[in-house]
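Asker: 38 is the number of the first residue of the sequence shown in our numbering; add one for each residue after it.
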Amino acid sequence: MINSKNLQSILSVVVAALILSSCGSNKKSKTELEAEAEVYEAAEKQLLNEIDKVVHDMPPPSEVPYMLMATGAEFNKELINPIENAKNYYNSADKAALNLGAFASDIGYLSSYDQAQDALKYMEACQKLADQIGIASAFELELMERFEKNLGNKDSLANLINYALDVAEQKLEATDRLQMVALVLSGSYIEGLYLSCMVLETYPEDLLPEAQKNIILEPIVRVIIDQEKPLDDVIKLLKDLESDPVIAEVIAEFDILKALYKEDLKDVKTRISEGDKTLVLDKKLLADVILEVKRIRTEMVQ
C-alpha cells in the first residue's frame, strides 16, 4: 500500500497546487487550504481502504482454478484468453491492466492443471503487459527465474503468481495509479468468474448421474454466488475513481451483472441462509449471470 512517505509527497503536491491556484483574485486563507488538503487526504485513504477491501473479499488468482480442478473437470485450453491476444493490448494502458489481471487468473488455471510450459509463456506475456503500464519490475528477472525453476511444483507456481500480482498492485499504488490497480483487479475478478461459469457450462452432461454431478459442482455454484460481494466492492472502487471511457464501460457492464445478482439470486440466497434442504444448486440458477459474464469477458479480451 502507499506508505506514509509517499502519501506525504502526494499531499505536498496537492497543497502546492492549491497555493498556486490561490494567487489570483480569489485568494484562500491558510485555514481553507488546510481544510482542502484534509479532504484530499481523506479521499486518498478511502480509495486505499476500498482497494484493501476488494483484495480481501476476492479470491487470489490461483484459488478458483484449484477449486475447478477439484471438480474433476478436464483441462480445457479454450477457456483461457489466448496468449496471442497480448499484442492487442500494447497500445492501451487500460486494456493492458485489465488483461494483466485476466492472464494472472489464467496462469492459476494452467498451473493447477500442470500446464507448466504454457504458464511460463503467460508469465512472460504478463511481464510485457506490466511494462505497458510502467511496472515491469513486478515481474523482475529473479521472479521469472523462480517461476521457471518451480515448473514442476504447482503450489509454488500458484504462490508466485499471487505474489507477482500483489507486487504489481503495490507498485501502482505507490505511484498513485489507482485507476490501473482497479482495472487489474477487475480483470482478475472477471476472468476467475468466467472460468468458474465455463466449467459449469461445459461440464459433460453424461459423465455422472445428475444427483452426483450436482454434488460435485455445488462448490462452484457457491463460489459464483459468493462473488456478489467482491463485485460490489469493485464497482464502488471504480465509481470513486476519475473515469475514462474504459472505466466507464467496465462500470456499466458490472452494474448490469450486479442487477442480475440482485434479481435472479435473491430467492436462492434467502433459501441458502434459511438452510433449505430442498434447494438444488445447479447451473440453471445462474443462467442469466453466466450469459452476462461471458459477454463482459468477451469485451475485455478483444
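The beta carbon of each residue, even a glycine, is placed where N, CA and C say it ideally should be.
Computed from a predicted structure; not experimentally measured.
1) Count Cβ pairs between the segment 102-116 and the segment 148-156 that sit closer than 8 Å; are there 3 or more?
2) Can you find a heavy atom of the ligand NAD that lies under 6 Å from the Cβ of I252?
3) Can you name, in chain order, every residue of its own chain whose Cβ lies under 8 Å from the Cβ of V330, other than the five neighbours on each side?
4) Taking 8 Å as the cut-off, does the segment 156-170 touch the segment 120-133 (at least 3 CB pairs, one atom from each stretch)?
5) Around the Cβ of D192, are there at least 16 other Cβ atoms within 10 angstroms (buried) or fewer (exposed)?
6) Could you tell me the distance, in whole angstroms, from the CA atom of A153 to the CA atom of L188?
7) What would DSSP say about S129, mapped onto helix, strand or coil?
8) Judging by CA-CA distance, which residue of K306, E279 and I117 is the nearest neighbour of D263?
9) In its own chain, which residues sit with a C-beta less than 8 Å from the C-beta of N136, not counting the 5 before and 5 after it?
10) For a test of the three-state rule: what should DSSP assign to G138, helix, strand or coil?
11) When the Cα atoms are used, what is the spatial distance from A110 to A248?
12) To the nearest angstrom, how far is the alpha carbon of A141 from that of L268?
13) Check whether the Cβ atoms of K320 and L237 lie closer than 7 Å to each other.
14) Leaving out five residues before and five after L318 in sequence, what residues of the same chain have Cβ atoms less than 6 Å from its Cβ?
15) What would DSSP say about K124, mapped onto helix, strand or coil?
Answerer: Short version:
1) Two segments are said to touch when three or more pairs of C-beta atoms, one from each, lie closer than 8 Å; by this definition the segment 102-116 touches the segment 148-156.
2) Inclusion of the ligand NAD in the displayed structure is not the case, the ligand content being empty and no account of it being possible.
3) Taking the first residue of the sequence shown as 1, we reach residue 330 at position 293. I227, L230, Y231, C234 and L294.
4) Under the Cβ criterion (8 Å, minimum of three pairs), the segment 120-133 counts as touching the segment 156-170.
5) Working through the sequence shown from its first residue, we reach residue 192 at position 155. Under this definition D192 is an exposed residue.
6) In the sequence shown, the residue the question calls residue 153 occupies position 116. In the sequence shown, the residue the question calls residue 188 occupies position 151. Cα-Cα distance, rounded: 5 Å.
7) Sequence index remark: in the sequence shown, residue 129 carries index 92 (1-based). Reduced to three states, the DSSP call for S129 is coil.
8) Walking along the sequence shown from the start, residue 263 turns up at place 226. With distances taken between Cα atoms, D263 lies closest to K306.
9) Sequence index remark: in the sequence shown, residue 136 carries index 99 (1-based). Within the same chain, N136 has close Cβ partners N118, N122, A123, Y126, L166, G224, M337 and V338.
10) Residue 138 sits at position 101 when you count from the first residue of the sequence shown. In this structure, G138 counts as helix in the three-state DSSP scheme.
11) The residue labelled residue 110 in the question sits at position 73 within the sequence shown. The residue labelled residue 248 in the question sits at position 211 within the sequence shown. Using only the alpha carbons, I get a separation of about 16 Å.
12) Taking the sequence shown and counting its residues from 1, the one referred to as residue 141 is at position 104. Taking the sequence shown and counting its residues from 1, the one referred to as residue 268 is at position 231. A141 and L268: Cα-Cα distance of roughly 18 Å.
13) Reading the sequence shown from its first residue, position 283 is the one you call residue 320. Reading the sequence shown from its first residue, position 200 is the one you call residue 237. In contact: K320 and L237 (Cβ atoms closer than 7 Å).
14) Position 281 of the sequence shown, counted from the start, is the residue given in the question as residue 318. Same-chain partners within the cutoff: E255 and V258.
15) Looking up residue 124 in the sequence shown gives position 87. It is helical.
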